[in-house]
Structure formats: C-alpha cells, structure tokens
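Chains as they are written, first to last, in the working numbering: chain F, 1 to 580; chain L, 1001 to 1166. Virtual Cβ for every residue (Gly too), placed ideally from N, Cα, C.
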Amino acid sequence: MKGGEAIIKSLMDQGVETVFGYPGGVLLPLYDVLYDSDLRHILVRHEQCAAHAADGFARASGKVGVCIGTSGPGATNLITGIATAYMDSSPVLAIAGQVATGLIGNDAFQEVDTIGITMPITKHNYQAMKAEEIPGMIRSAFYIASTGRNGPVVIDLPKNVQEEEFEYELAKDIELPGYKPTMKGHPLQVKKAAKMIMNSKKPVILAGGGIILSGASKELLKFANMIHAPVTTSLMGKGSIPEDDPLSLGMLGMHGRKTSNLIIDDCDCLISIGCRFSDRTTGSITEFAKNAKIVHIDVDPAEIGKNVDVDVPIVGDAKRILNDLINVVGKAKDENKNHSDWLKHVIDFKNTCMPRLSFDDIPLKPQQVIKELSEAIDQDTIVTTDVGQNQMWMAHYFTSRNPRKFISSGGLGTMGFGFPAAMGAKIAMPDNDVVAVCGDGGFLMVCQDLATVKEYDIPVVICVLDNRRLGMVSQWQKLFYNKRMSYTDLGQSPDFVKLAESFGISAERVEKPGEMYETVKKAIRSDEPYLIDVIIDPDEILPMVPAGCGLTEIVGEYKVERETPGEILYKPMGTNKGGE
Amino acid sequence: MDESKTHIISALVLHKPGVLQRVAGLFTRRGYNIENITVGTSEQENLARMTIIAKGDEKVLEQVTKQLNKLIDVIKVRDLDPEITVKRELCLIKVHTSTEKNRSEIIQYANIFRGRIIDVSPETLTIEITGSPEKIEALIDLVRTFGIKEVARTGPTAISRGNKTI
Chain F
1 MKGGEAIIKS LMDQGVETVF GYPGGVLLPL YDVLYDSDLR HILVRHEQCA
51 AHAADGFARA SGKVGVCIGT SGPGATNLIT GIATAYMDSS PVLAIAGQVA
101 TGLIGNDAFQ EVDTIGITMP ITKHNYQAMK AEEIPGMIRS AFYIASTGRN
151 GPVVIDLPKN VQEEEFEYEL AKDIELPGYK PTMKGHPLQV KKAAKMIMNS
201 KKPVILAGGG IILSGASKEL LKFANMIHAP VTTSLMGKGS IPEDDPLSLG
251 MLGMHGRKTS NLIIDDCDCL ISIGCRFSDR TTGSITEFAK NAKIVHIDVD
301 PAEIGKNVDV DVPIVGDAKR ILNDLINVVG KAKDENKNHS DWLKHVIDFK
351 NTCMPRLSFD DIPLKPQQVI KELSEAIDQD TIVTTDVGQN QMWMAHYFTS
401 RNPRKFISSG GLGTMGFGFP AAMGAKIAMP DNDVVAVCGD GGFLMVCQDL
451 ATVKEYDIPV VICVLDNRRL GMVSQWQKLF YNKRMSYTDL GQSPDFVKLA
501 ESFGISAERV EKPGEMYETV KKAIRSDEPY LIDVIIDPDE ILPMVPAGCG
551 LTEIVGEYKV ERETPGEILY KPMGTNKGGE
Chain L
1001 MDESKTHIIS ALVLHKPGVL QRVAGLFTRR GYNIENITVG TSEQENLARM
1051 TIIAKGDEKV LEQVTKQLNK LIDVIKVRDL DPEITVKREL CLIKVHTSTE
1101 KNRSEIIQYA NIFRGRIIDV SPETLTIEIT GSPEKIEALI DLVRTFGIKE
1151 VARTGPTAIS RGNKTI
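Okay, structure coming up:
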C-alpha cells in the first residue's frame, strides 16, 4: 500500500466520511487516491474555510472534523482555523502537505515549517517521515484530539511519504506514555465541594464549553435543580442549559446579561464547570465573584488556578463529576441543599431586567432581527455566529435551548468563522437547519466559499447583519476613543444580494420589522443555500463592561422588557458571609 | 514576583526531534523565565532527561509543571527539592598564559578546584571543571585576571539524593 492510500484508509477506519480541503503540488499523490475513493471531499475555495468547516463539523457533531491543505501557503492558510479550534478546545485533525523529506530545510518551493508554526496552537502535531508511521499516527491523532480536553492535531505529510510503498498493518494499540487525561474526579475533592455547596447560602453555577464537550447538559440541569442554584454560562457554555429555563440567567461577562453580572458579584459559592475563566468572562479578576468561595471543575489540570484562585479544585470530566456530586448531595438532608429563597430572589431580579427585544425602528434594531429569527427557526436549528457585535448580540439576545446548537469562535474571536463553520455543521448534521449570523465585515472575509455551498448544494442560511462597519471596534471607538472612528467604516462593501446572486445563490434584502421572520422561513423552506442581507441600525450599542473593570460596571443603556421608573438596582440578599 | 525562587525542574521526555523546541517554546509563549536547560539521554531507552532551571513564585512553578505535563511528549515532571538534590555543571575555561609563572599558578588553582588541564598550547591552557555553579563561578573569577579567552558551560543538571527517582 502507498502512504496516500494509508491515510485515506486510516481516516475511513476512524469513521470519517467527509473531509474539507484544497489540493496543491505536494498533495498530488494523496489527491490521486481521493479521486476514486469513497471518502467525500468538499473542495473549499480557501483553506481557512476548510479548517473552520472542520471545526464547525466537530462542534455540531462532537466528532473529529478533518481538513486538508497543501504545503507552504496551504498550511499557513489553515493556521487561523487551527488556532480557533485550539482556543475553543475543538477536536480537529488538520493534514498539511509538506515538501519531500529530502528537501525539508532547503527553503524549497512552497516549504514552510508547519510543525514549528503549529506547535503553540495544537494539542499535538506529527510529521510523518515514513509511510509505515501513518496508520498509528492517524489513530493517535484522533485519540488525542477527542479525549481529555479536546483540541486540534496537525499531521505534516511530505510528498514522498504519500508515494512510499509499505506493508500495511493494522495500527497497534496506541502508545502514548505521556498522555493520560484524568477523567474521574477525586472522591475527597467531590465531598469537599459538596460540603461547601451545602454550607453556602447563595450558590451559582458557571457553565462553560466543557459541559457541552462532555455532554453533561442533563446532569447540569439536574444538579442545579437539586441545589436551587441559578446557572450562568460563558460564551462557550451557551446552550449547555436551556436558556428559557427559570434557572438560566444567560451569559456572563463583558457583554453578559445584567442579571448574571450582578448575581456573580453577590453569590457566596461559585461552582464553575468546564470554564477557563477567560478575561472576557470574568472582567477584573480582583473584582470577580469577590464574595464567593470557588469550586472549579475542569478536565485540564493546568486551568486550575491559572486565572482565578480556587478553593476546591476537581480535575476530571464534567459529566462524571456532576454525577458524583448528584450522588453525594442527593443523599444529604433536604434543608442542607435547599437554597430556594436565594433562587427566588435571583429570579425576581432577573424578571426585572430581561432585555427588551421588540423594536419597530427602521433601520432595524438587531434585537428585533434576532427576535424574528428566533421565532422563525425550531430549537434543533444550529446557529453559528461570526465575531463582533453580531456575535455578542446573538450571545446576549438569542435564546439557545440545546447544546451544540450555538456555535461561535470564543477564545480566538475569529472574524470569518460563522459562514464556513455553518457549512461544516450542515455537513455533519444534514437533518438540522443551519443558520449563520454574520456581520458584513466578517462575511466578506470568507464570501468566496459561496461557490462551495452552491457547488455541493449545502443549504445554509446566511444572515448578514449589515451595518456597513466594523461594529464592535467602532463601538469601542465611540465609547472609549472620543468617537474617533478610525478605519471602521466599511461603506464600500458590495451589494450582498447581487454578490450571492453572482454565485447563483438566492438572496434577499430585509429592511423592515416583520420581514426577517418571513424571509428566514422562506430561506429554510427553499432547502438551498440562501443569503439574507439585513440592513441594521449602525448606531446600536450593546451595553458592555469596559476592559479591566468589574462585571457590575456596565456602560451603555440597558434596555429592559418591562420598563419601570428609575434605574434597576440590585439588592444583595442577606449578608455576604456565607460559604464555609 | 516577591517570592521568586529558583527551581530545578526535572523532566523525563520522549527522546525524539522537536521535544526541546516544544518545551522551550512553551516557556517563551507563557512568559516563564527560563535560566537554563540541559538535555541528555536517560537510563531508559527512548527517553531523555531535561533539567530546567527556572525562576518564579509557587504559582508560576505550578503552572510550568502543569503546562509541561500537558505536552504529549513529556512523560513525567518533578520540581526537585534543592535540599535533597545534587546539582552539577561542567565547564571548560580557556585561559591566556603569557608567562611560565602564570602557567603554574593557573595549574595550581585548577588543582585546588579539582579541575584538570585538558589542553595546552604555547599561549593557552584549557581547564575542565565540574561542580556546583557557585564553585565554577569562583574558579572563573580567580583566573579572570590572567585573561579568559573562552568559557563553555553546560548549565547544571541535577538528580535527587538517595532512593528517590522521578
């Protein structure tokens, strides 16, 4: 068997059905095998989209997404997508072509040090120097990418290795002496945490992306109900709990819901599960949850104590540890785990500051657009976002009800992620509707891949929230840089309807209240790729916490559903001397 | 970092290309202060031992250890307790020798420090010395007056006393 055949065979042995890629000189042997193989290959129009699509595939399905790029520029174009997957712990395998082993180091044509470049943005990377290494390498790569804290793995594949003949043997057991992720939480730590939670008066759960990766949503809801703890989430944790559940407070952080930000400040016990306390989630670390004892559950031991000092750390898988906690706390007397007064207090406050969604303004308010979008889709619809205001509006105003249905680039904040990720999500979950919510800036970075969705008939609905500017950056300029709008005006953007049509894709413009709902319905019914250009108010600002400030220091008007005279003030419950 | 201390981290790693780059890259990327790193084969086939001298407080050390452990090619990591650790460094010093008198003086110093003369030329002497970094510093200081032409140091490598292994 040749090296190239071994790659395809090994991928298919791992259950891979579709890969996203772009060929090139050094990948000719591999692509020659692909030509008549059963492995489906989606030819993207830019390698970055291959990586994002593989990432979207992984996030939507929980399976490893695979992308392929050639050596040199092909590999460097994959980088942004790999880094995006790394920051959000997404299981992606990126295969990069490399010049022949004899040429490595000679600055050969299209040579780049892919291993060196991807070292800091991958969980691990491999360079295949012999064809016989390939089966074991791919098996290990899948194992590493999809276990413990998930993450991307790169395989660097020289041209001659793809051509080399070898005796194919089934990969032996994976030998990774340096890789043993801790999955089971330490029972003593679990008991300690349970005790701390039961001794507290005002517990809050902070759910991160780890809940979704570990598939622990049911356990989360069960445990939260058991201890009457409200649940807030990070951006990555959005969808880990149904956001229409009374216990759900919505997202926390710089662009978080007011309730979440104020309740975190009052709580006396914070139970963080699968969340890495990013600066966007915590705001000023010294101000963050300053009245609370902190339980930190994470599968990655290096996250414990990295950003926030923790009282009870538990290393392990979120689902297993939640089940352990449910067992321990479940046996306790009712009065010990009852925090219903606290929960009532929190919910009463939450009801006073639910954000207002209905606006009849023209140009459209993003809140109204998101409201109509929410009404037009069912709860199995997968929504992806781009990065910037569109993303934060969605995070703030959109009600996500199920895990793996809200997909967004959190850590790296990659503009251009939303559309290709939607493409990958649709390939992974063909029975679910998929909607990408993008900004005009981010969409323009990846719009060439309209050709891909057209060619392969991937029916995603692309909503471009079009304000002709880089909304988030201009929001900061407005708030913190004396309204000096330096290079954030995208006035010369194309006509997105015509742009889509030039690719043979149906498109429509939405400008008035009511139109979004109708158009989204129509787009989904069409079962074809569809672009909706939504003209929105360029001056709408999402209230935010300035960088470096505590989470309670929200600037910008927080428009609420039920208007009451005067400012909404939060009154802390009891004294802040709870906890253990 | 008020309680910044020098730590000796011993790591058992897979003996293959790129591992040093992974470790060194990790230190740079995370902003850890690395003073010295030595690598060599270990008692086990396919495994190498790295000795890393790094500065930082307890929190930094904890992060360094955890981040190192996350590398797939790193098998084991231990912060060695300086109280029960022997630390040795090898150093070669090429000293300028203009006169016969200087020559014998340098040889005497080398002997006192249990060093050896490993190369002689009409105008130079090369001393080999092993010991703690402090001892090496002391010898270098002593012969400096004669004119040092070149110094090559390995940086310290370390091992626990007694039965303890990592």
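In this structure, the alpha-carbon of Leu1090 (chain L) lies about 19 angstroms from that of Pro1082 (chain L).
For the C-beta of Met183 (chain F), not a single chain L residue is nearer than 8 angstroms; the gap to the nearest is close to 15 angstroms. Between Ala302 (chain F) and chain L, the shortest Cβ-Cβ separation is below 8 angstroms. At a cut-off of 8 angstroms between beta carbons, Glu1043 (chain L) makes no contact with chain F. In chain order, Ile1072 make up the part of chain L whose C-beta sits under 9 angstroms from the C-beta of Ile144 (chain F). Following the DSSP letters along the chain, one finds Leu206 (chain F) inside the beta strand (DSSP E) bounded by residues Pro203 to Ala207. Taking C-alpha positions only, Thr80 (chain F) is separated from Arg1114 (chain L) by approximately 56 angstroms. Excluding its 5 nearest sequence neighbours in each direction, Pro242 (chain F) has C-beta neighbours in its own chain below 6 angstroms: Arg401, listed in chain order. Listed in chain order, the non-local C-beta contacts of Ile7 (chain F) below 8 angstroms within the same chain comprise Leu30, Val33, Ile95, Ile134, Ile138, Leu157 and Gln162, local neighbours out to five positions each way being set aside. The way I'd put it, the stretch 318-326 of chain F doesn't touch the stretch 335-347 of chain F; fewer than three beta-carbon pairs between them come closer than 8 angstroms. Around Gly305 (chain F), the beta-carbon contacts reaching into chain L at under 9 angstroms are Lys1059, Glu1062, Gln1063 and Lys1066. Rounded to whole angstroms, Tyr143 (chain F) and Ile1148 (chain L) show a C-alpha spacing of 54 angstroms. For the pair Ile370 (chain F) and Asp466 (chain F), the CB atoms are not nearer than the 8 angstroms cut-off. Straight-line measurement puts the Cα of His255 (chain F) at about 12 angstroms from the Cα of Thr233 (chain F). By the neighbour-count definition (other C-beta atoms within 10 Å, threshold 16), Val1086 (chain L) is an exposed residue. Contact check between the stretch 494-502 of chain F and the stretch 546-555 of chain F: fewer than three CB pairs, one atom from each, fall below 8 angstroms, which does not count as touching. Arg1049 (chain L) and Asp1079 (chain L) have their C-alpha atoms some 13 angstroms from each other. Shown here for Thr399 (chain F): same chain residues with a beta carbon closer than 8 angstroms to its own, the five before and five after excluded, namely Glu243, Asp244 and Ser374 in chain order.
Counting every other CB atom within 10 Å of its CB across the protein chains shown gives Gly330 (chain F) a total below 16, marking it as exposed. Using a Cβ-Cβ cut-off of 8 angstroms, Ile1075 (chain L) counts as an interface residue toward chain F, since at least one Cβ of chain F sits closer than that to its own. Boundaries of the beta strand (DSSP E) around Val435 (chain F): Val434 to Gly439. With its beta carbon less than 8 angstroms from one in chain L, Pro177 (chain F) belongs to the interface. With respect to the 8 angstroms criterion, Val460 (chain F) and Ala436 (chain F) are classified as neighbours on the basis of their beta carbons. Secondary structure within the stretch 1074-1138 of chain L: the alpha helix (DSSP H) runs of 4 or more consecutive residues, fully enclosed, are 1100-1112 (chain order). Within chain L, no residue has its CB atom less than 8 angstroms from the CB of Pro135 (chain F), the nearest being about 18 angstroms off. Proximity of chain L to Pro158 (chain F) at the Cβ level (cut-off 9 angstroms) is not reached, the minimal Cβ distance being about 14 angstroms. F:Ile264 is the residue among F:Ile264, F:Ile321 and F:Val66 whose C-alpha sits nearest the C-alpha of Ala292 (chain F). Less than 8 angstroms separates the beta-carbon of Ile1053 (chain L) from that of Ile1008 (chain L).
With respect to chain F, the C-beta atom of Gly1031 (chain L) has no partner C-beta closer than 8 angstroms. For Gly1025 (chain L), the nearest beta carbon of chain F is closer than 8 angstroms to its own beta carbon.
Ranking F:Arg280, F:Ser272 and F:Arg276 by CA distance to the CA of Ile294 (chain F) puts F:Ser272 first. Residues of chain L with a Cβ closer than 9 angstroms to the Cβ of Gly116 (chain F) are, in chain order, Gly1018, Gln1021 and Gly1025.
Going by C-alpha positions, Lys195 (chain F) is about 12 angstroms away from Ile227 (chain F).
Using a CB distance below 7 angstroms, the part of the stretch 119-130 of chain F facing chain L consists of Met119, Pro120 and His124, ordered along the chain. Within the same chain, and ignoring the five residues on either side of Asn125 (chain F) in sequence, the residues whose Cβ sits closer than 6 angstroms to its Cβ are Ile115, Thr118 and Val154. With a cutoff of 8 angstroms on beta-carbon distance, Asp386 (chain F) and Phe406 (chain F) are scored as not near each other.
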